[in-house]
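Input: a single structure, listed below in structure tokens.
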Amino acid sequence: MKLTKETFASYQETLRNAGRRTTVLVGMGTCGIAAGAEAVYKRFEKEIAAKGLDAELKPTGCLGLCYSEPTVEIKTPDGKSTVYGKVDAAFAERIVSEHLETGNALTVNIYETPAADLFDDNGKPLKQQRIVLRNCGVINPEKIDEYIARDGYAALENALFDMTPDQVVQKIIDSGLRGRGGAGFPTGRKWQFTKNTPSDQKYIVCNADEGDPGAYMDRSVLEGDPHSVLEAMTIAGHTVGASKGFIYIRAEYPLAIDRLNTAMKQAREYGLLGENILGSDFSFGIEIRLGAGAFVCGEETALLASIEGKRGMPAPRPPFPAVKGLWGKPTVINNVETWANIPMIILKGSEWFSSIGTENSSGTKVFALTGKINNSGLIEVPMGTTLRNIIYDIGGGIANGRKFKAAQTGGPSGGCITPEFLDTPIDYESLQTIGSMMGSGGMIIMDEDDCMIDVTKFYLEFTVDESCGKCAPCRIGGRTCYNILDRISKGKGEPEDLRKLKDIGHAMRKASLCGLGQTAPNPFMSTMKYFEEEYRAHIVDKKCPAGKCKDLLTYSIDAEKCVGCTACARKCPVSCISGEVKKLHVIDQSQCIKCGQCFTVCKFDAVKKG
Amino acid sequence: MSEKKLPDELINFINEWKTKPGNLIMVLHRVQEHFGYIPREAAFEVAHHLDIPVAKIYGVMTFYHLFKLTKPGRNQIAVCMGTACYLKGGEDLILELERQLGVGLNTVTPDGEFSVEAVRCIGCCGLAPVMTVNGEVFGNLQVNRLSGILKKYKG
């Protein structure tokens, strides 16, 4: 069935008015499935059929409560919603026989509704606000009708028939939307450049090469709401005069690729993608291109080289892709999260969008909140939310009652936010001021057990490995800095090292060709600034205060506490602990490999780490 | 040698993509999907069918982490080394796997059963630390669960 300008609105209306039934939503993103959501889904299917209940079971994308997967939401026709977490097959059976059959929600495994369209009395959003994730965990991503019923493709219809391309560009510019991939370039301006560059062929590209370790918001959007990206790309195609789009996605995301393929097929069948969209004379096609595990391909010029089938090496800018991009043609390239904002801006207006967030950073930001936090998950908050709100109100505080040490944003290109900045409103500028960056939205929480030198080394190892090798500052500078950090972590650092790191870091920032090299020094520049004492402890005292750097650790057995149970001696992989039953045990320091197994296994607290 | 020849379905795939610009990475993915890696002979055949130099193919293959030049184990274990997994003990998982299997990273066990690699973030940070075996994800892992998982896959 092909929809047209004439039939679209009435079809949408029919879908919207479809009768409401009790709905069982099972979160089936990659993490939900990994936690066992498929078995839960099957059990619901079986039990609902066996009991002949009038309930609709549907798989949906990530609900955002990653710490409680598998997650299930029950929605009843009266508008009530209950979210159950940590559901297994047996618990699914209980939900059916108690909640669904009797109508009384259970009182265990209840979690707070994630799709928090929570507003206070003045209409001001509390905690989270979902624009990008509006459909994730709400619709079945494999059914286009569910997307259409929630205003899907209405923005495309508007842009095609009720607006001129200039009006669309102006709307995006006025909204203040900035690229969510990291650098924060105004999206509308990009579109304008491409629109105003005459060319026989132009391209639209979606950057779904989410390589930043600890970030998975793009995966969740594509798995939970693929049509929003397709719709936005089609709108952009019409606006700038492009007939072809590419989605460049990591091969590591098979489920997202599947769901995109399904979505594209359905959109074509409905006449929302392909030839003569909605009966107009505008045609637009989208193809998927797979990445192959190269972080540098998140950089736009490298990504374009990769789509062209080449080694993903970045090129100097200018010329910018908006003017000279894929195969030398003007190309609009935006990341998944940026695209997902577009339909809402077209529908609700630029004033609405710019009223959310801060003055220079409008809208919301999705963060993948992970690490040492109680409620790890996918959250979306208005720009300007403070870190304190995110960690303590939404994230439920630091895990295991430990103390907050730092939040890392921006991944290998970013830096740390320390406790003194807990109340700084987070937006593009404020993060840069304190030496971090927005990045794509990974937010990793670290506690007092995490060593900043160890973490910094981890990031630098990553960028060294991912450097494409084209320019010397990144290739040689990164490696040299890694070697220095490695030395420091092994107690062989010298006071001079801190100055060396700073010098090389500055050179890399100034002279590297692309974003990867320019930002690679950020992790150590930021940690040296805020955790200088920890660096000095490693360099001068040869100690790792967090107890993480193995070469600086010694394990010893407390003669007072050791009862001679032999547990440590039996566990030691290199047999360097000697002692007889019921007698004091001793660790041979020259043989010890500092694996810490004796420390873990001792029930009497007799093994000391220091 | 002959088992490394491209089967008809692969040749059809290549022909289908032949005229599309920027096809090489997609073709290499398909070849790797079939063989589990990209055998040298297959790379030569791809060069022939696409009419591009072998050097270009190797240039691309060696640039991208995902393309394998040697045959992996029958069961491929991938331990996530994204930041969240690293902080929560991903490295301990690797050390223990190396100990139990008796081979280091990226090396196949003598019986051909397993190979272990450290991979980039697979986006399951909420379940850290995570590893996958042949694509199946195991989350919230602890070292003591590893031997059970290995047993499950051993032929």
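Heads up: the sequence lines are chains A and B, in that order.
For our numbering, add 37 to where a residue sits in the first sequence, where the first one is 1.
For our numbering, add 36 to where a residue sits in the second sequence, where the first one is 1.
Using N, Cα and C, we set each Cβ at its ideal position, and we do this for glycine too.
Under a 10 Å Cβ-count criterion, Glu533/A is classified as exposed, with fewer than 16 other Cβ atoms of the shown protein chains found around its own Cβ. Taking all protein chains shown into account, Met38/A has fewer than 16 neighbouring C-beta atoms within 10 Å of its C-beta and is therefore exposed.
For the stretch 88-107 of chain B, residues whose beta-carbon sits nearer than 7 Å to a beta-carbon of chain A comprise Gly95, Val96, Phe99, Tyr100, His101, Leu102 and Phe103.
At least 9 Å separates the CB of Ala79/B from every CB of chain A. Distance check between Thr234/A and each of Ala279/A, Lys385/A and Leu340/A places Ala279/A closest, using alpha-carbon atoms only. Contact between the stretch 104-115 of chain B and the stretch 499-513 of chain A is absent: fewer than three C-beta pairs spanning the two stretches fall below 8 Å. At least one C-beta of chain A is nearer than 9 Å to the C-beta of Val155/B. Nearest CB-CB separation between Lys239/A and chain B: not below the 9 Å threshold.
With contact defined as three or more Cβ pairs closer than 8 Å, the stretch 456-474 of chain A and the stretch 300-315 of chain A are not in contact. Judged by DSSP in its simplified three-state form, Asn177/A adopts coil rather than helix or strand. DSSP places Arg287/A in no beta strand (DSSP E); its state is neither H nor E. If you compare the alpha carbons of Ala72/A, Ala87/A, Ser317/A and Met65/A with that of Glu110/A, the shortest gap goes to Met65/A. Using a C-beta cut-off of 8 Å, the stretch 479-488 of chain A makes no contact with the stretch 375-389 of chain A, since fewer than three inter-stretch Cβ pairs fall below that distance. CA-to-CA, the gap between Leu315/A and Asp237/A works out to about 23 Å.
Per the C-alpha coordinates, the member of Gln68/B, Lys124/B, Trp53/B and Gly125/B positioned closest to His85/B is Trp53/B. Ranked by how close their Cα comes to the Cα of Met420/A, the residues Leu102/A, Ala331/A, Glu179/A and Leu214/A have Leu214/A in first place. Contact fails between the stretch 488-497 of chain A and the stretch 258-278 of chain A, because fewer than three Cβ pairs, one in each stretch, are under 8 Å apart.
Our two residues, Thr119/B and Asp115/A, have alpha carbons roughly 43 Å apart in a direct line. Burial is judged here by how many other beta carbons sit within 10 angstroms of a residue's own beta carbon; Asn54/A has fewer than 16 and is exposed. Bridge pairing for Ile272/A: absent [DSSP].
Within a 10 Å sphere around the beta-carbon of Trp228/A sit 16 or more other beta-carbons, which makes this residue buried. The three-state secondary structure of Gln112/B, taken from DSSP, is strand.
Taking a contact as a CB-CB distance under 8 Å, the pair Leu133/B and Ile158/B does not count as one, their CB atoms being some 16 Å apart.
Close CB contacts of Thr500/A within its chain, under the 7 Å cut and outside five residues either way in sequence, are with Pro449, Gly515, Leu553 and Ala557 (chain order). Within the stretch 67-96 of chain A, the residues whose Cβ lies closer than 7 Å to any Cβ of chain B are, in chain order, Thr67, Cys68, Ala71 and Ala72. The beta carbon of Phe174/B sits closer than 9 Å to some beta carbon of chain A. The C-beta separation of Gly69/A from Cys173/A comes to about 11 Å, leaving the pair out of contact by the 8 Å criterion. In terms of CA proximity to Asn313/A, Lys42/A leads the group Cys639/A, Lys42/A and Glu569/A. Excluding the 5 residues flanking it on each side, Thr60/A has same chain C-beta neighbours closer than 6 Å at Glu93 and Lys112, in chain order. Judged by DSSP in its simplified three-state form, Asn559/A adopts helix. One thing to note: Pro165/B has its Cβ no nearer than 9 Å to the Cβ of Gly191/B. In the same chain as Val205/A, and ignoring 5 residues on each side of it, the C-beta atoms closer than 6 Å to its own belong to Ala196 and Thr276, in chain order. Around the beta carbon of Thr139/A, fewer than 16 other beta carbons lie within 10 angstroms, which makes this residue exposed. Residue pairing of Thr59/A in beta bridges, as defined by DSSP: Ala92/A.
Taking a beta-carbon distance threshold of 9 Å, Cys609/A does not count as an interface residue toward chain B. Residue pairing for Asn372/A: DSSP places it in a beta bridge opposite Asn244/A.
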